[in-house]
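Structure, as C-alpha cells:
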Amino acid sequence: MNTSKLLNTSAILLTTLSYAFGMDTNPSQNTNQTLEKKTPKELESKKSLKTTFLSSDNFSFKAGAEVFSKTSFNNSAIDEAKQVYPTPSYASILANLGIYYEKDGFKLGLGGVAGGLLYDSTRATLGFINAEGYNYIGFYAGYSGLGVPNITNTRDFIIYDAYLEYENKYIDATLGRFFKENTWFGGYAQGINLAFNLGKGQKITLFGTDSMSIWGSGWLYDFSRLYIPTGVLNLEYELKRDFYNFKLYAYYGIEDYVAPGASLDLLFGDSKVAYLTKIVAALPIYDSSINKWGVMQFFGSTSGVTGSVFLRQDVIFNEKYTLGLGLYKNFGNANARFGTYGNPMNIDIWDNSVLVYGRSLNAAVNPDVFNLLLYTNFEIGKYLDIKLDGRYSTSPMADEYSLILGLDIFLTSHITYSLKANYYTNITHAGFDVLTGLARKDAPGVISDRSYVMNTIKFEY
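Numbering (the numbering used here), first residue to last: 1 to 461.
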C-alpha cells in the first residue's frame with residue numbers, strides 16, 4: 001500500500017473524529033486540504049448541544065434524614081393465659097439520597113434509603129419472645145413474602161426509586177420503582193403507571209405493581225409480596241372539574257380479589273369558608289375461583305361480596321383551619337388484604353402493638369368495623385401546625401378509642417420536628433385470640449393500653 005495514501009487517509013479520519021467530538025485540532029496538520037472545515041461558530045454550537053444535554057440544570061438531587069422514636073406506656077409483663085402483651089417502644093434512624101435527570105419530557109430517577117434501629121424494647125423480654133424490632137426496620141420475608149423474617153435477615157438498605165418516566169400533554173408513563181398513591185394504594189411500587197389525558201379534565205390510568213415497599217416515619221420495608229401475593233392491577237377513570245373530582249376504578253389483586261369502586265370529592269365555598277365532601281366506596285369480592293392465597297393472619301378465610309364505605313365532611317376556614325368528621329364502615333371482611341396497604345381514611349392503621357395480630361394492625365380495618373373519625377388541623381403562622389384527631393372503632397372482634405394530639409414545627413425550610421401523642425385503648429372481646437385475631441372459645445377478653453408518644457426530627461433537601 002502507498003504510504004502517502006495511508007497517511008492521508010489516517011489524517012482525514014482523525015480530523016473528522018476531532019471535529020465530530022468538538023476537539024481542537026491544528027488545521028496546518030491536515031494533509032487533505034479539500035476536507036471541509038467547520039467554522040468556530042459551528043463548533044461552539046455543537047459544544048453547546050452537548051453541554052445542554054448533560055447540563056447541571058437538568059439534574060436535581062433529593063436528600064434527607066430522619067430520627068424517629070415511639071415511646072409506649074404499657075410495659076406489662078407478658079401473660080399468655082390472660083392475653084396480656086405490652087406495647088413496645090423503639091427508635092430508628094433513616095437517611096436517603098436520590099438523583100434525578102429531566103430532559104425533553106423524559107425523567108430518570110434513582111434513589112436509595114438506609115436505616116437501622118437505635119433502640120428496641122422487645123430485646124429486654126429475657127428470651128420469652130425474640131426481639132421484634134425488625135418488624136419496623138428492615139423487615140424482609142423475601143420477595144415472595146413467603147419467607148420467615150427475623151432479626152438476622154433484615155434489609156436495611158432499599159433502592160426505592162429506579163424509574164424511567166416520559167410525559168407530554170397526552171400521556172404520562174412510568175416504568176420501574178416509583179412512589180404511587182391513589183385511593184387504595186400508598187407506597188413504593190415496582191411496576192408500571194400509564195396515564196392518558198383525554199382532555200376536558202378526563203384521564204384514564206392503568207397501574208400495576210408486582211410488589212411494594214414503604215419507608216419513613218419509623219418504617220423500612222423492602223420490596224416484597226407479603227400483602228400482594230401475585231401483584232395488583234388498577235384501572236381508573238377520572239373526571240375533574242373546578243368543584244368536583246369523580247373517579248371510577250377497579251382493583252384486581254391477582255389470584256386474590258376483585259374490587260370495583262368509585263369516589264367523589266365535592267368542593268364548595270370560598271376562601272373564607274369552604275366545604276369539602278368525600279365519598280368513597282369499594283366492593284372487594286373474594287371467591288374460591290379467584291383467591292388462591294387465603295387472607296394470611298387477617299382474620300381467617302372469607303368469601304363473597306364485601307364492602308367498604310367512607311364518608312368525610314370537612315369545613316375549612318380562611319384556608320388555614322379545618323374541622324372534619326368521617327364515617328368508615330366495613331361490610332364483612334372487606335379489608336382482608338385490600339385496604340391495608342392504602343386507605344382513604346388518612347389515619348395510621350399500623351400503630352397497635354407489634355406483638356399482636358397483624359403485626360401492629362389496629363381495629364380500624366377489622367371485619368364489620370364501624371369507625372367514627374374526627375379530623376382537625378390548625379395552621380398557626382408559617383411555623384406551626386396543630387392537629388387533634390379522634391377515632392372510635394367498634395367491631396365483633398374488638399373496640400378501640402384513640403385521641404391524638406399532633407404538632408408539626410417547621411424549624412427551618414429544611415428541618416421539621418413532629419410530635420404525635422396518642423391516648424389509645426384496645427378492648428379485645430372474649431372469644432378472640434389477641435395473637436392471631438381468630439376466634440377461640442376459651443380466650444378471655446382483655447383491655448390493653450396502646451398509648452404512645454412519637455417524636456420525629458426530619459431533614460429534607
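Just so it is clear, CB atoms sit at the ideal spot from N, CA and C, and this is done for glycine as well. These figures come from a predicted structure and were not determined experimentally.
For residue i, which residues from the same chain have a beta carbon less than 7 Å from its beta carbon, with the 5 sequence-adjacent residues on both sides left out?
i      : result
Tyr383 : Ile409, Phe410
Gly145 : Ser224, Arg225, Leu226, Pro229
Lys292 : Glu255
Leu49  : Annotation note: pLDDT 42 at Leu49 (below 50); position unreliable, coordinate value reported separately. For Leu49, where only same-chain residues beyond five positions count, there are no Cβ hits under 7 Å.
Glu36  : Confidence in Glu36 is poor, its pLDDT being 44 and thus under 50, which makes the residue's placement too unreliable to answer from.
Leu264 : Tyr244, Phe246, Ile279
Ser121 : Pro88, Ser89, Tyr90
To the nearest angstrom, how far is the alpha carbon of residue i from that of residue j?
i      : j      : result
Val315 : Ser76  : 41 Å
Asn422 : Gly147 : 33 Å
Ser45  : Ile93  : Since pLDDT at Ser45 reaches only 47, below the 50 mark, its modelled position is unreliable, and the value read off the structure follows with that caveat. Taking the straight line from one Cα to the other gives about 48 Å.
Gly261 : Val280 : 8 Å
Ser463 : Ile204 : There is simply no residue 463 to check, as the chain begins at 1 and stops at 461 in what is shown.
Ile192 : Glu167 : 14 Å
Phe73  : Tyr452 : 6 Å
Arg312 : Thr277 : 6 Å
Gly390 : Phe246 : 27 Å
Arg470 : Val258 : Because the chain here runs from 1 to 461, residue 470 falls outside it and cannot be looked at.
Trp350 : Asn362 : 6 Å
Tyr119 : Met454 : 14 Å
Gly112 : Ala81  : 44 Å
Asp222 : Lys62  : 20 Å
Ser28  : Ser56  : Reliability of the predicted coordinates at Ser28 is poor, the pLDDT of 39 falling under 50, and the value obtained from them is presented with this limitation in mind. Distance between the alpha carbons of Ser28 and Ser56: 36 Å.
Lys329 : Tyr170 : 38 Å
Glu238 : Tyr249 : 9 Å
Gly437 : Pro284 : 20 Å
Ala95  : Pro444 : 43 Å
Asp368 : Val309 : 11 Å
Asp270 : Leu198 : 29 Å
Leu97  : Phe459 : 12 Å
Asp287 : Gly253 : 12 Å
Ile386 : Tyr424 : 19 Å
Counting C-beta neighbours from all protein chains within 10 Å, is the total for residue i 16 or more, i.e. buried, or is it exposed?
i      : result
Asn366 : buried
Ser393 : buried
Gly326 : buried
Val305 : exposed
Thr209 : buried
Tyr357 : buried
Arg241 : exposed
Val273 : exposed
Ser60  : exposed
Phe66  : A quick correction: the sequence has Glu, not Phe, at residue 66. So Glu66 ends up on the buried side.
Gln83  : buried
Tyr275 : exposed
Gly127 : Residue confidence is low: Gly127 scores 46 on pLDDT, short of 50, so the model does not pin down where it sits. No coordinate-derived value is stated.
Gly105 : exposed
Ser289 : exposed
Can you find the residues in the same chain that come closer than 8 Å, C-beta to C-beta, to residue i, ignoring five residues on each side of it along the sequence?
i      : result
Thr154 : Tyr134, Ile137, Gly138, Phe139, Tyr140
Asn346 : Tyr375
Leu463 : Any question about residue 463 goes unanswered here, given that the chain covers just 1 to 461.
Ala430 : Ala443, Pro444, Gly445
Looking only at C-alpha atoms, which of the options sits nearest to residue i?
i      : options                        : result
Asn58  : Pro86, Leu108, Ile78           : Leu108
Pro344 : Asn371, Thr322, Gly358, Asn318 : Asn371
Tyr143 : Lys272, Met212, Val232         : Met212
Glu102 : Leu164, Gly186, Asn96, Thr340  : Leu164
Asp161 : Ile254, Ile151, Arg450, Ala189 : Ala189
Asp256 : Arg123, Asn335, Ser395         : Asn335
Gly176 : Leu405, Leu110, Thr416, Leu355 : Leu110
Asp399 : Asn352, Asn182, Tyr252         : Asn352
Gly342 : Arg123, Asn182, Asn150         : Asn182
Leu220 : Asn150, Ile158, Leu233         : Ile158
Ile457 : Asp172, Ser217, Asn150, Thr122 : Ser217
Phe317 : Ile380, Ala364, Gly332, Ile290 : Ile380
Gly116 : Thr412, Ile290, Trp215         : Trp215
His414 : Val434, Asp433, Tyr461, Leu435 : Tyr461
Gly332 : Asp348, Tyr321, Ala282         : Ala282
Asp433 : Gly231, Thr416, Thr412, Met397 : Met397
Tyr251 : Phe185, Leu194, Lys200         : Phe185
If you measure from the beta carbon of residue i to each beta carbon in chain B, is any gap under 8 Å?
i      : result
Glu460 : Protein chain content of the structure displayed is limited to a single chain, and chain B is not contained in it.
Keeping to the same chain, check which residues put their C-beta closer than 6 Å to that of residue i; ignore five residues upstream and five downstream.
i      : result
Leu355 : Tyr85
Thr87  : Ser72, Asn74, Ser353, Arg450
Ser448 : Asn426
Leu323 : Val315, Thr376
Leu266 : Tyr244, Thr277
Glu319 : Ser271
Ser418 : Asp408, Thr456
Tyr100 : Ser60, Gly109
*asked:* As an exercise, report each continuous beta strand (DSSP E) stretch of at least 3 residues that is fully enclosed by the region 336-395, in chain order.
replied: 370-380, 384-394
*At what residue ranges does the region 256-300 contain a whole run of the beta strand (DSSP E), taking only runs of 3 or more?*
257-269, 273-282
*At what residue ranges does the region 176-213 contain a whole run of the alpha helix (DSSP H), taking only runs of 4 or more?*
none
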